[in-house]
Every structure is written in structure tokens, then in C-alpha cells.
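Read in the working numbering, the sequence shown has 25 at position 18, and its numbers run on one by one without any break.
We treat Cβ as the ideally placed atom computed from N, Cα and C, and that holds for glycine.
Working notes, beginning with the structure itself.
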Amino acid sequence: MKNLILFGPPGSGKGTQAAKLVEKYGLLHISTGDLFRSEMSQDTPLGIEAKNFIAKGQLVPDEVTIGMLRNRVISNPDVPGYIFDGFPRNIAQCEALDELLAALNQDIHRLLMLEVADQEIITRILSRGQSSGRTDDNDPAIIQHRIDVYKSETMPVFGYYAEKGKAFKMDGIGTIQHIFEALCRSFDETT
Ligand code: ADP
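Listed below in C-alpha cells is the structure:
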């Protein structure tokens with residue numbers, strides 16, 4: 008199995024690229040943001056709990072997020088690999104993911120980071136907010152808070168995998184196809 012972490016700030020194109028990677032490699036895409044939105048739309052207890060944090064642009068508490076992620080992985084064992092999107096988002100989540108994958112005799116092969124400047128992120132998210140119906144995509148102050156949380160809590164995740172020689176930065180500006188091809192080249196380098 009080849010397991011990939013697709014990493015980058017909010018609005019960097021992770022979901023778009025994940026869909027193309029799924030099509031090419033048959034990996035299972037696990038987006039914690041998508042899982043939360045699905046829970047929220049069904050008003051499940053987990054969705055109700057997550058909603059307040061998401062609306063404010065804060066991280067959902069680790070025990071909720073990690074439990075949800077673990078269930079998704081464990082209930083889908085027969086796949087050629089996983090693409091983790093939006094997870095891990097802090098060091099505690101990195102450690103939980105390591106533990107989960109080790110128990111399954113798996114590991115992370117590579118973390119690929121899409122780099123996009125703040126101003127471009129804000130423009131992209133506000134534009135997505137006009138059609139996505141996501142309440143966290145409409146308010147510039149909430150978007151800024153998500154960027155701040157990314158820098159303070161999530162960026163250390165890059166260092167965590169860089170120390171293991173597994174983290175690589177990619178240019179997140181360009182055409183969708185061009186970025187996709189760069190991601191594929193990097194993913195194909197791994198054994
Ligand atoms: P984006 O990357 O555009 O911010 P996501 O769909 O990945 O959007 O996440 C939306 C929100 O869901 C986040 O702002 C956060 O509140 C919550 N969330 C998603 N993944 C995690 C995670 N791994 N840990 C904690 N909260 C998360």
C-alpha cells in the first residue's frame with residue numbers, strides 16, 4: 008500500500024487534486040473536512056459537536072477527529088492506499104496516525120504540500136464560498152483565523168514528516184493539470 012498525505016493551507020486545492028489522484032491510482036480519499044460536513048448534514052451527535060468549532064474556524068478536538076478518522080481507515084482495509092486530506096492537522100494527530108498505521112503494518116510514504124500564498128488563499132476561499140454553502144468560507148475573519156491556525160498548529164506537521172525524509176513542497180499555483188502532473192511525478196518516485 009502507498010499512503011499519501013496531501014498537505015497545504017485551506018483552499019490550496021487538496022480536494023481537487025485528491026479527486027484526480029483517486030481516479031489515477033484508485034486510492035481511498037479520506038478528507039476529515041468532508042467527513043465532518045457529511046456528519047453535520049445528517050445532524051449526527053458527532054456533526055453537532057463539530058459544528059461550533061468549524062463555524063469559528065477552529066480545529067475540532069483531537070479525540071473526536073482521531074476517532075472518526077480511525078473508523079474510516081479500519082472499515083476500509085482492502086484499498087491500494089489512502090490519501091489523507093486535512094489530516095493530520097497537528098502533532099498529536101501525526102502520532103495517532105503513526106500508531107494506527109503501525110497497527111495495520113502500514114506507514115506514510117510521502118507528504119506532499121501544496122504551497123499557496125495567503126492572499127491567493129483568501130481570494131479562492133471567498134470565491135468557493137459563493138457556491139459551496141460552507142459557512143466557514145464566507146467570512147474573511149474566519150478565513151484569516153483558519154490560516155492562522157494552519158500556521159501555528161498545522162505547519163509543524165510538515166517538519167514532523169520532513170525529519171523522516173518524507174515531506175516535499177510543491178507549487179500550488181498553476182493549472183490543475185500541471186500541479187497534478189507534478190504530484191504524480193513525486194508520488195511515482197516512492198516505492
Ligand atoms: P479547509 O482545508 O478548506 O480549511 P477542510 O474541509 O479540510 O477545509 O476543513 C474544514 C474544517 O473542518 C476545519 O476548519 C476544521 O474546523 C475542521 N477539521 C477538518 N479536519 C480537521 C482535523 N484534522 N482536525 C481538527 N479539525 C479539522
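So residue i and residue j are in contact, right, with Cβ under 8 Å, and what is the actual spacing, rounded?
i, j, result
"residue 68", "residue 157", "That pair is no contact at about 17 Å."
"residue 93", "residue 34", "Rounded, the Cβ-Cβ distance is 15 Å, inconsistent with contact."
"residue 27", "residue 165", "Going by Cβ atoms, the distance from residue 27 to residue 165 rounds to 22 Å, so no, they are not a contact pair."
"residue 152", "residue 18", "Not quite, the Cβ-Cβ distance comes to about 13 Å (not below 8 Å), so this is no contact."
"residue 128", "residue 23", "Not confirmed; about 14 Å, so no contact."
"residue 150", "residue 132", "5 Å"
"residue 234", "residue 107", "Past the boundaries of the shown model lies residue 234; the chain is included only from 8 to 198, so the question cannot be answered."
"residue 31", "residue 191", "7 Å"
Tell me which same chain residues have a C-beta within less than 8 Å of the C-beta of residue i, skipping the five on either side of it?
i, result
"residue 193", "117, 119, 175, 177"
"residue 55", "47"
"residue 154", "16, 17, 125, 128, 129"
The beta strand (DSSP E) with residue i in it runs from where to where?
i, result
"residue 91", "89-92"
"residue 102", "Residue 102 -> not in any beta strand (DSSP E); alpha helix (DSSP H) instead, spanning 98-110."
"residue 174", "174-178"
Which term fits residue i, buried or exposed, when burial requires 16 or more other beta carbons within 10 angstroms of its beta carbon?
i, result
"residue 72", "buried"
"residue 95", "buried"
"residue 59", "exposed"
"residue 130", "exposed"
"residue 100", "buried"
"residue 39", "buried"
"residue 97", "buried"
"residue 180", "exposed"
"residue 21", "buried"
"residue 142", "exposed"
"residue 111", "exposed"
"residue 81", "exposed"
"residue 136", "buried"
Looking only at its chain, what residues have a beta carbon closer than 6 Å to the beta carbon of residue i, apart from the 5 residues adjacent to it on each side?
i, result
"residue 86", "35"
"residue 79", "37"
"residue 14", "118, 120"
"residue 144", "132, 135, 136"
For the alpha helix (DSSP H) containing residue i, name the first residue and the last one.
i, result
"residue 149", "147-156"
Entirely enclosed beta strand (DSSP E) segments - the segment 21-73, minimum 3 residues: 35-38
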